[in-house]
Amino acid sequence: MGEALSLTKIDSARQRAVAEALRAFLPAHAVLWQEEDTRPYECDGLTAYRNVPMVVALPETEAQVQRVLRTCHAMQVPVVPRGAGTGLSGGALPRGDGVLLSLAKFMRVLRIDPLARVAVVQPGVRNAAISDVVSAFGLYYAPDPSSQIACSIGGNVAENSGGVHCLKYGLTVHNVLKVRGFTVDGEPVAFGSEALDAPGYDLLALAIGSEGMLAVTTEVTVKLLPKPQAAQVVMASFGDVETAGHAVAAIVAAGIVPAGLEMMDQPATRAVEAYVNAGYDLEAAAILLCECDGTPEEVADEIARVREVLARAGATRTSVSRDEPERLRFWSGRKAAFPAVGRISPDYYCMDGTIPRKRLGEVLNFIGEMERKYGLRCPNVFHAGDGNLHPLILFDAASADELRRTEQFAAEVLEKCVAVGGTITGEHGVGVEKIDQMCVQFAPAELEAFHALKRAFDPKGLLNPGKAVPTLRRCAEFGRMHVRGGQLPHPELPRF
Amino acid sequence: MDAAIGALAERIRAAAESRRPLRIRGGGSKDFYGDELKGEVLDTRACTGLISYEPSELVVTARSGTPLAELEAALAEKGQMLAFEPPHFGSGATLGGCVAAGLSGPRRAAAGALRDFVLGVRLIDGRGRALTFGGQVMKNVAGYDVSRLLAGSLGTLGLIVEASLKVLPRPQQEITLGFEMPAARALQSCNRWAGLPLPISATAWHDDRLRVRLSGAASALRAAAARLGGDALDEPAAAQYWTAIREQTDRFFAGEAPLWRLSLPSGTAPLALPGAQLIEWSGALRWLRTGAAAAAVRAAAAHAGGHATLFRAAEKQAGAFTPLAPELARLHREIKAAFDPAGILSPGRMYPEF
Ligand SMILES: Cc1cc2nc3c(=O)[nH]c(=O)nc-3n(C[C@H](O)[C@H](O)[C@H](O)COP(=O)(O)OP(=O)(O)OC[C@H]3O[C@@H](n4cnc5c(N)ncnc54)[C@H](O)[C@@H]3O)c2cc1C
Numbered sequence: 007m008g009e010a011l012s013l014t015k016i017d018s019a020r021q022r023a024v025a026e027a028l029r030a031f032l033p034a035h036a037v038l039w040q041e042e043d044t045r046p047y048e049c050d051g052l053t054a055y056r057n058v059p060m061v062v063a064l065p066e067t068e069a070q071v072q073r074v075l076r077t078c079h080a081m082q083v084p085v086v087p088r089g090a091g092t093g094l095s096g097g098a099l100p101r102g103d104g105v106l107l108s109l110a111k112f113m114r115v116l117r118i119d120p121l122a123r124v125a126v127v128q129p130g131v132r133n134a135a136i137s138d139v140v141s142a143f144g145l146y147y148a149p150d151p152s153s154q155i156a157c158s159i160g161g162n163v164a165e166n167s168g169g170v171h172c173l174k175y176g177l178t179v180h181n182v183l184k185v186r187g188f189t190v191d192g193e194p195v196a197f198g199s200e201a202l203d204a205p206g207y208d209l210l211a212l213a214i215g216s217e218g219m220l221a222v223t224t225e226v227t228v229k230l231l232p233k234p235q236a237a238q239v240v241m242a243s244f245g246d247v248e249t250a251g252h253a254v255a256a257i258v259a260a261g262i263v264p265a266g267l268e269m270m271d272q273p274a275t276r277a278v279e280a281y282v283n284a285g286y287d288l289e290a291a292a293i294l295l296c297e298c299d300g301t302p303e304e305v306a307d308e309i310a311r312v313r314e315v316l317a318r319a320g321a322t323r324t325s326v327s328r329d330e331p332e333r334l335r336f337w338s339g340r341k342a343a344f345p346a347v348g349r350i351s352p353d354y355y356c357m358d359g360t361i362p363r364k365r366l367g368e369v370l371n372f373i374g375e376m377e378r379k380y381g382l383r384c385p386n387v388f389h390a391g392d393g394n395l396h397p398l399i400l401f402d403a404a405s406a407d408e409l410r411r412t413e414q415f416a417a418e419v420l421e422k423c424v425a426v427g428g429t430i431t432g433e434h435g436v437g438v439e440k441i442d443q444m445c446v447q448f449a450p451a452e453l454e455a456f457h458a459l460k461r462a463f464d465p466k467g468l469l470n471p472g473k474a475v476p477t478l479r480r481c482a483e484f485g486r487m488h489v490r491g492g493q494l495p496h497p498e499l500p501r502f
Numbered sequence: 125m126d127a128a129i130g131a132l133a134e135r136i137r138a139a140a141e142s143r144r145p146l147r148i149r150g151g152g153s154k155d156f157y158g159d160e161l162k163g164e165v166l167d168t169r170a171c172t173g174l175i176s177y178e179p180s181e182l183v184v185t186a187r188s189g190t191p192l193a194e195l196e197a198a199l200a201e202k203g204q205m206l207a208f209e210p211p212h213f214g215s216g217a218t219l220g221g222c223v224a225a226g227l228s229g230p231r232r233a234a235a236g237a238l239r240d241f242v243l244g245v246r247l248i249d250g251r252g253r254a255l256t257f258g259g260q261v262m263k264n265v266a267g268y269d270v271s272r273l274l275a276g277s278l279g280t281l282g283l284i285v286e287a288s289l290k291v292l293p294r295p296q297q298e299i300t301l302g303f304e305m306p307a308a309r310a311l312q313s314c315n316r317w318a319g320l321p322l323p324i325s326a327t328a329w330h331d332d333r334l335r336v337r338l339s340g341a342a343s344a345l346r347a348a349a350a351r352l353g354g355d356a357l358d359e360p361a362a363a364q365y366w367t368a369i370r371e372q373t374d375r376f377f378a379g380e381a382p383l384w385r386l387s388l389p390s391g392t393a394p395l396a397l398p399g400a401q402l403i404e405w406s407g408a409l410r411w412l413r414t415g416a417a418a419a420a421v422r423a424a425a426a427h428a429g430g431h432a433t434l435f436r437a438a439e440k441q442a443g444a445f446t447p448l449a450p451e452l453a454r455l456h457r458e459i460k461a462a463f464d465p466a467g468i469l470s471p472g473r474m475y476p477e478f
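Taken in sequence, the protein lines are chains A and B.
Residue numbering for the first sequence follows the numbering used here, beginning at 7 and increasing consecutively.
Residue numbering for the second sequence follows the numbering used here, beginning at 125 and increasing consecutively.
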């Protein structure tokens, strides 16, 4: 995967020229080029891929961002935007021939309008900070990625991030009203509006999830929701994962859309329990967490219905959070799943495929097969309500062979997700990590359409180039078949 | 590709070659919407039928020519619905036209817009190529979000042959409350209520009367009704009322005066424009019957931070849609050219320059 971006060699004459050009309008502390200063930016949350950037720019004002872009554009220097660097697909992986544009200094909440229920914030504001500052008004910002205490809203917009509550409350795209920023040549743009729609094409939807490749975000207007009066979580245990999967479908089929619906298998709950003590049932092969929110009456009704459905669906045990601290404790385990797994293995590799829920059993069995095939362990956490899987392959990056096996393992699982009618990424983005699997999910004409859209915003291909959308040549070299609608060209042949 | 889709693709290819414009049309229920209708009609209705619907997956996939009424009936049978309550504007409305028009009804402020429920589309672009974007799963960030870009594109980027939409369970119960109050107070109240955890699913104000619909579990509705006050409408009358708002068959929408659709930040104070107003979406949507100059209406909307669409009018010299800022106009032209380089798909329907 890394090969297209392995531009690690830095041309020092070019570096000096670019740093000087930026220094013409940025203070010294906002232009980094010495390796000891630039090294901390060499990767995002996908640490297996690293490149030290040629220059790091840390502007503080929109005018400075605009000048950074204009300068780089004039000098034909690629620009990679970066928020908090928690991305899990290498979207913010720098280039040795490029400028890393950090938006980390854009930390201000610009305006809160409690009556209209919107907040206008700078892109570097942390996701959780938004809910914190509007909490006094009884409001919150709904999408809650597990990384919410660290990740930035600018990064959330770029990745269309989700959280454990997005089944009911939606993803970033459903909760952002407007994005302001600049195209790569420094032209100011605004997508969306503080009204509920804007004239013309829905460029806001196009910009959200575009992995920092269409525009640099410098301001985000988010929608705020009233905090539910009450919320409770049901924790249910199951003797096998497949039954747990059916239970998820049964809840939805009963006409219930819970506020959150998450699953963890036993290897995941054991790792988590040792780390945060969330109170999970460690004997269960899988547990489900189902949150109900609303008025106290509504929550009581829904919890009763959910428990009934779960019992019928074969839950071996259910328990309901008795108070707010216990509810938060149940969630703390789920939200700490990645770091918890990080403690039991030198490295872990997080996948993000999304599948139709009814194929869950099949895909989990497939993952089990892959564990045996590649000799690597793989606990599973799962946004069960919306079919988004996060299998975590445990490996040791110090071993080149383990890394290679991990990549193959992951590739096979992602391709399986496409084959059952799903997608290679539900919320973490393609970045550099899953770029080859894009060749499996999309036909050449579709990839071409993506490139054409990219050219509309960035004709010279200077903004975060080489990410997310593979060239057709790359796909030809990768040589994997494009599969469509679950139909392989020759379904009768064994594939793996 | 089946025969119906193949035939449509062939028509588009031929039109691109001869540079003869086509106007994509389902039931024609939204012919009134947008600017000029140019070109030969390309009827999508042969391309019809439900492809898959699994209630427990909360997803429905259907061909574009499928009558919207048929689709909604299939969902209702399983206790589900299109939560954005798309207006049909006529018995012939199709799914494709619904997605291409991108319009949402009374539940929009609470549940989200049509584009929020689009999970995937198959389309034929202006070169006659079949392309698929998105899919049938709730979360999908592989590639740019072209499916949502197609929502509201009015047939200018491609012919939608198939769409997958997220569906939701129907609420267990609904009640509608009525209040006598002037516009300013209605706007204040609606915005304040929207910031409280209340199950409000629609609001409409007109003629000093505000109606508020609540949807959800019986227990939640009882608690909310007690808190809000007002008088409960009887159920059949309430259902009729919301249908009349959604379908614009209410008396407010009758007559010849131009109908403007103003999309504004919801907290905007009542606009000082001449003519009658009907306010939905807690203030974010304002229908205006006025003979006032287009420039004045657009200026008032822009001043408030929104935009104004000349929705229904005998004469649309001023353009149906608010003109775009230069950089956005450039992006629109480039995007249009990316999907329809020959410029043959519904040219001029959205903006005169493409
Ligand atoms: C422990 C852990 C748990 C996580 N849990 C979740 C989860 O539950 N759900 C989820 O969706 N994700 C999750 N993530 C992934 C990650 O946190 C999100 O993708 C997040 O949105 C990234 O934000 P960031 O500020 O760190 O962006 P970065 O990593 O800095 O950048 C991500 C992408 O956004 C672009 N970008 C950043 N800022 C801007 C800007 N201002 N303008 C233009 N482009 C920009 C970058 O170029 C890059 O392509 C998790 C990550 C970790 C490490």
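Quick reminder that beta carbons are idealized off the backbone N, C-alpha and C, glycines included.
Every value quoted in this text rests on a predicted model; they were computed, and no experiment measured them.
Within 6 Å of the C-beta of residue 128 (chain B) there is not a single heavy atom belonging to ligand 1. For the segment 410-443 of chain A, the residues whose beta carbon sits under 7 Å from a beta carbon of chain B are, in order, 427, 428, 429, 430, 431, 432, 433, 435, 436. Per DSSP, reduced to three states, the secondary structure at residue 155 (chain A) is coil, with no helix or strand assignment. Per DSSP, residue 156 (chain B) is not a residue of any beta strand (DSSP E), being assigned neither H nor E. Residue 255 (chain B): member of the beta strand (DSSP E) spanning 254-258, first to last residue. Around the beta carbon of residue 379 (chain A), fewer than 16 other beta carbons lie within 10 angstroms, which makes this residue exposed. Residue pairing of residue 412 (chain B) in beta bridges, as defined by DSSP: B:384, B:401. Think of a sphere of 8 Å around the beta carbon of residue 360 (chain A): the chain B residues whose beta carbon falls inside it are 261, 262, 263, 264, in chain order.
Under the criterion of beta carbons closer than 8 Å, residue 268 (chain A) and residue 131 (chain A) do not qualify as touching, at roughly 26 Å.
Under the 7 Å criterion on CB atoms, residue 470 (chain A) is classed as non-interfacial with respect to chain B. Setting aside the 5 residues that flank it on each side, residue 390 (chain A) is surrounded in the same chain by 250, 251, 254, 267, 268, 269, 294, 363, 366, each with a C-beta closer than 8 Å to its C-beta; the list follows chain order.
When only Cα atoms are considered, residue 427 (chain A) and residue 359 (chain A) end up about 11 Å apart. Under the Cβ criterion of 7 Å, residue 327 (chain B) is not counted among the residues facing chain A. Under the DSSP assignment, residue 459 (chain B) falls in the alpha helix (DSSP H) whose first and last residues are 450-463. The CB of residue 133 (chain A) never comes closer than 7 Å to any CB in chain B; the least such distance is about 16 Å. Take the alpha-carbon of residue 339 (chain B) and the one of residue 296 (chain B): they are about 7 Å apart. Inter-segment contact for the segment 347-356 of chain A and the segment 319-338 of chain A is absent: fewer than three beta-carbon pairs are separated by less than 8 Å. In terms of Cα proximity to residue 238 (chain B), the closest of B:347, B:227, B:386 is B:227.
Residue-level contact check: residue 431 (chain B) touches chain A, since one or more beta carbons of chain A fall below 7 Å from its beta carbon. Look at residue 98 (chain A): its beta carbon is less than 6 Å from one of the heavy atoms in ligand 1.
Interface residue (Cβ-Cβ distance to chain B less than 7 Å): residue 180 (chain A) is classified as such. Three or more Cβ pairs drawn from the segment 177-184 of chain A and the segment 224-244 of chain A lie within less than 8 Å of each other, which places the two stretches in contact.
For residue 83 (chain A), DSSP records no beta bridge to any residue. Under DSSP, residue 325 (chain A) takes part in a beta bridge, and its partners are A:241. The beta carbon of residue 456 (chain B) falls within 7 Å of a beta carbon belonging to chain A, placing the residue at that interface. According to DSSP, residue pairing for residue 247 (chain B) in a beta bridge involves B:255, B:284.
The beta-carbon separation of residue 151 (chain B) and residue 221 (chain B), rounded to 6 Å, stays under the 8 Å limit for a contact. Across the structure, residue 356 (chain A) and residue 247 (chain A) are spaced so that their CA atoms are roughly 19 Å apart. With 16 or more neighbouring CB atoms inside 10 Å of its own CB, residue 475 (chain A) falls in the buried class.
It is roughly 7 Å from the alpha-carbon of residue 219 (chain A) to the alpha-carbon of residue 471 (chain A). Under the three-state reduction of DSSP, residue 356 (chain B) is assigned to strand.
Under DSSP, the beta-bridge partners assigned to residue 330 (chain B) are B:333, B:402.
At a threshold of 6 Å, residue 119 (chain A) does not count as near ligand 1, since its beta carbon sits no closer than that to any of the ligand's heavy atoms. Interface criterion met: the Cβ of residue 451 (chain B) is under 7 Å from a Cβ in chain A.
It is roughly 22 Å from the alpha-carbon of residue 231 (chain B) to the alpha-carbon of residue 244 (chain B). Residue 208 (chain A) has a beta carbon lying within less than 7 Å of a beta carbon in chain B.
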